[in-house]
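Have a look at the structure below, then the notes.
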Amino acid sequence: MKVIERLKSGFGYTWAALCIVVVLATFLGLGFWARTLAKGTGIHVSPRFSGGEVRQVIDHDTYQTKLHRLVFDGLVSDRAKGFVQIDWVPRKNQSLPAIVEEEFDIDGDGSIEIRIRVDTVAGKAELLRQAPWVLGVDQLIAADSERILRVQLRNPGK
Amino acid sequence: MTAGCRSTGAALELAKSPGKAVLWSLPMLALSLFMFFGQGGIPRDPLRAIPFFFTLTLVNVLFYLMIRTGKTDRYRAIFFIAMAVLFVISFLAHFQEERGSMALTAGEAIKGRTPFCHMVIPATIIPAALSRTIIFPGSILGPYSIASMIVLWLGASLAMGRGFCSWVCFFGGLEDGFSRVRRKPWIRKIAERWTYLPYAVLVVVVVMSAVLLTPFYCEWLCPFKTVTEYFEVNSFERILQAFLFLGLFLGLVVVLPILSRRRTQCGLFCPMGAFQSFTNKLNPFEIVIARDQCRDCDKCIRECPTFSLDAKSVSLGRTRISCMKCGKCVDGCPTGAIAYHIKGTRPQWKPARARMLFLYPAYLFLTVFGGGMIQDGLYRILLLATTGSMIK
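Read top to bottom, the protein sequences are chains A and B. Going by our numbering, the first sequence runs without a break in its numbering and finishes at 158. Going by our numbering, the second sequence runs without a break in its numbering and finishes at 550.
Here it is, written out as structure tokens:
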């Protein structure tokens, strides 16, 4: 009985002493542990916040247009409604034109689904042409010198 | 040693010997010097150097006093409350500097520049488990990042379990402070059933976040949005949210703690706290009550800030799972029946040693985590005093 008690006691003290090591390791290796956690688990910010991966970059004289993938991501399967995000990013020391008008093949099937006109100064966006499953402009966001547009979509596969 | 002073006996022995207290404080001095100087050395700017040395001195004086007097909560609370208040000052000044506003705009959110705080962790579990995505508009790596906060939370949880809520949480100090405003409580009795509310809130937050794929707690229930950052108020929904945040803050963090002398947000509402309770099982430290010394005066039950002691738990000689290891009951027990304990060791076996073994990781975490907040908060106050503005 005494041996078991001593073993338990020794284990308890070792565990308690290790807590100091845990604290030191947490702070001294914070960057390493964070990178390991991110890499090991593969966690990433939900595309509902980040906009999803950039699928296509279109170069213009003074800016780039970045078309993201369609986002219908749900918890376990795709959702009936989603969005596509488009970023207009000025080149270094440049600014966006006052009016940007572009058309996009958002699902990569070779046909144009949307044509958009963005007033970058007034912060207004207008859909000039849209496929039936394109529901409308969700929001146009000013982020630094960029303009970011989200267009609401209905999932054609649902 | 008499049974009545078993838990404080060793501490009293230390109190009799300042030399011994200094000796016990030296490892913390060495560790704090190592951690403080390791974070970039002495700042060249005098406005930053003054808070640096002040904080370094403060943390070591408070630790020395903890050892010398045998009182844990009294000195923990000073640091903890200072950390919370100065965190708010530092945070707001920082974002005024970066964004020119406390408001989180859609642009900031979409760029992933929202600082990730530990309160979001329970909401992210199901989506992270099922789709490896974090439902938060932050960044995985970098300053204030999701991965860094999760690592800090994991480290703190392993080292002190729900002690996190009394030694690490930079919001907890606000209501800890308000709960100490009055000497005697106006509200003396809060029905036990309310202590289960945080678990219900936890379930609601986890389920709603998984269904809506948004951090439900941050969007609707976080009282601390009032004193940190809030969503830009530009719609009816945002106005409603702002009123909810303000109401919850005033009710749970200010008014009820003042009236009841309890940490009501932590004990009756916080879903993160409820979640954190389970980490007490992963941790070697606990609070125990020596039944042979207990006079059943119920002082500990009345004074526990987080409702973690009741008649049943006291009769069993332990706290409820929600114990935050703040040490208030240990400090206040008139017979010294309550003590820190290491699981696996005999009950009441060398409680002063158990306390020291708990204090080192807990206080070190507080020092490193809170030290930076205290320094920056003080810097902002000095900046205000010398330049008239908290921002550069």
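All C-beta atoms, glycine included, are put in the ideal place defined by N, C-alpha and C.
Length of the line joining the Cα atoms of M531(B) and A240(B): In this structure, the alpha-carbon of M531(B) lies about 9 Å from that of A240(B).
Closer than 7 Å to chain B by CB, V23(A): So, interface residue.
Return the chain-ordered ranges of every alpha helix (DSSP H) run that is complete within the region 380-453 of chain B and spans a minimum of 4 residues. You should have 394-406, 414-418, 422-426 and 429-435.
C-beta atoms of T437(B) and G319(B) nearer than 7 Å: Remark: C-beta atoms of T437(B) and G319(B) approach each other more closely than 7 Å.
Answer with yes or no whether the minimum CB distance from F11(A) to chain B is below 7 Å. So, interface residue.
How far does the alpha helix (DSSP H) with L191(B) in it extend, from its first residue to its last? P176 to G196 is the extent of the alpha helix (DSSP H) around L191(B).
Counting only beta-carbon atoms, is A38(A) nearer than 7 Å to chain B? Yes, its Cβ sits closer than 7 Å to a Cβ of chain B.
Is there a Cβ of chain A sitting closer than 7 Å to that of V217(B), yes or no? V217(B) does not count as touching chain A.
Quick check on DSSP: helix, strand or coil for A358(B)? Three-state DSSP puts A358(B) in a helix.
Against chain B, with Cβ distances strictly below 7 Å, would R208(A) count as a contact? Chain A is shown only over 1 to 158; residue 208(A) falls outside these bounds and no answer can be derived.
Which of the three DSSP states, helix, strand or coil, is assigned to D59(A)? DSSP places D59(A) in the strand class (E or B) of the three-state scheme.
Determine the direct distance from the alpha carbon of G535(B) to that of C376(B), and round the result to whole angstroms. If you take the alpha carbons of C376(B) and G535(B), they lie about 24 Å apart.
Buried or exposed, going by whether 16 or more other CB atoms sit within 10 Å of the CB of E256(B)? By the 10 Å Cβ count, E256(B) comes out exposed.
With C-beta atoms as the reference, is A242(B) less than 7 Å away from L332(B)? Contact flag set, yes.
Would you mind telling me which residues of chain A sit closer than 7 Å to I500(B), beta carbon to beta carbon, in chain order? The contacting residues are G12, Y13 and A16.
Going by beta-carbon coordinates alone, are R476(B) and V446(B) separated by less than 7 Å? The answer is yes: Cβ separation under 7 Å.
With DSSP run on the structure shown, which of helix, strand or coil describes Q94(A)? Three-state DSSP puts Q94(A) in coil, outside helix and strand.
Can you check which of these residues, A543(B), C491(B), Y518(B) and G546(B), is closest to A314(B) by C-alpha distance? Ranking the options by Cα distance to A314(B), first place goes to Y518(B).
Under DSSP, the alpha helix (DSSP H) around K486(B) begins and ends at which residues? Bounds of the alpha helix (DSSP H) holding K486(B) are K486 to G490.
Contact set for F253(B): own chain, Cβ-Cβ below 8 Å, skip 5 residues either direction: Only S259, M260 and E387 meet the Cβ criterion.
Taking its Cβ as the centre, do 16 or more other Cβ atoms sit within 10 Å of R513(B), making it buried, or is it exposed? Answer is buried; the Cβ neighbour count reaches 16.
For the beta strand (DSSP E) that Q124(A) lies in, which residues bound it at each end? In the sequence under discussion, the amino acid at residue 124(A) is Lys, which differs from the Gln named in the question. Counted as a single uninterrupted DSSP element, the beta strand (DSSP E) harbouring K124(A) occupies residues K124 to Q130.
What is the rounded straight-line gap between the Cα of I496(B) and the Cα of F211(B)? Rounded to whole angstroms, I496(B) to F211(B) spans 36 Å at the Cα level.
Apart from the five residues on each side of it in sequence, which residues of its chain come closer than 6 Å, Cβ to Cβ, to K229(B)? If we look at K229(B) and ignore the five residues flanking it on each side, its Cβ neighbours are D489.
Once DSSP output is grouped into helix, strand and coil, what is the label at D334(B)? Note: D334(B) maps to helix in three-state DSSP.
Buried or exposed: A469(B), going by 16 or more other Cβ atoms within 10 Å of its Cβ? The residue in question, A469(B), is exposed, as its Cβ has fewer than 16 Cβ neighbours within 10 Å.
Mark S248(B) as exposed unless 16 or more other C-beta atoms lie within 10 angstroms of its C-beta, in which case mark it buried. The residue in question, S248(B), is buried, as its Cβ has 16 or more Cβ neighbours within 10 Å.
Find the nearest neighbour of V364(B) within the set L402(B), A400(B) and P285(B), judged by alpha-carbon distance. Minimum Cα distance to V364(B) is reached at P285(B).
Under 7 Å, Cβ to Cβ, is there at least one residue of chain A near K483(B)? Judged by the 7 Å Cβ criterion, K483(B) is not in contact with chain A.
If you check the beta carbons only, do K81(A) and R154(A) fall under 7 Å apart? Cβ atoms of K81(A) and R154(A): closer than 7 Å.
Pair within 7 Å by beta-carbon distance, V22(A) and L316(B): Result yes, Cβ atoms of V22(A) and L316(B) sit closer than 7 Å.
So for V76(A), helix, strand or coil by DSSP? Three-state DSSP puts V76(A) in coil, outside helix and strand.
Would you say L515(B) faces chain A, with C-beta separation under 7 Å as the test? At least one CB of chain A lies nearer than 7 Å to the CB of L515(B).
Taking 7 Å as the CB-CB cut-off, is A122(A) touching chain B? It does not; no Cβ of chain B falls within 7 Å.
Looking at the strands, I want to know which residues DSSP matches up with G136(A). Looking at the DSSP output, G136(A) bridges to Q152(A).
Measure the beta-carbon distance from P381(B) to L406(B) and round it to whole angstroms, keeping in mind my assumption that it falls under 8 Å. P381(B) to L406(B), Cβ: 4 Å. Contact.
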